[in-house]
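Undergrad: Going by UniProt numbering, the first residue of the sequence shown is number 1, and it counts up by one from there.
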Amino acid sequence: MSKITIDRYDLALLDALQRKGNATNATLGEQIRLSASQISRRIQRLEEDGVIAGYVAMLAPSAVGLWGSPLSPRSSWNVTARPPAKRLNKLSPRCRK
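#1: Report the rounded CA-to-CA distance for S62 versus L46, giving the unit in angstroms.
#2: My output table needs one value for R96: the three-state DSSP class, helix, strand or coil.
#3: Could you name the residues of the same chain whose beta carbon sits closer than 6 Å to that of G29, not counting the 5 residues immediately before and after it, in chain order?
#4: How many whole angstroms separate the CB atoms of L13 and R42, which I take to be in contact at a CB cut-off of 8 Å?
#5: Quick check on the burial criterion: 16 or more other C-beta atoms within 10 angstroms. Buried or exposed for I4?
Below you can see the structure in the form of structure tokens.
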């Protein structure tokens, strides 16, 4: 495995991508003070080097009417539209948000 070099621009780019993974290269470039093409090349290199392993979408289950297990590509959809009131009342107050 070869040594990966990460400079301050890469660190700033990784931080920005963790905050908003779907930001455009132009937006990222403005934030980091690099051109969009430089951002594109850096992202490609970070992906090829395995620093960026992939991208995910964080769902808000309540926004899409889902309750139940977290959704992930490795799990099946194990959700119900709304939990029965009796089950909900058994939850501690901290869990009833």
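Just so you know, even glycine gets a beta-carbon here, dropped at the ideal spot from N, CA and C.
TA: Taking the coordinates as given:
#1: Whole-angstrom Cα-Cα distance: 34 Å.
#2: Low local confidence applies: a pLDDT of 46 at R96 is under 50, so the model's placement there is unreliable, and no value is given.
#3: S35, A36 and I39
#4: 6 Å
#5: exposed
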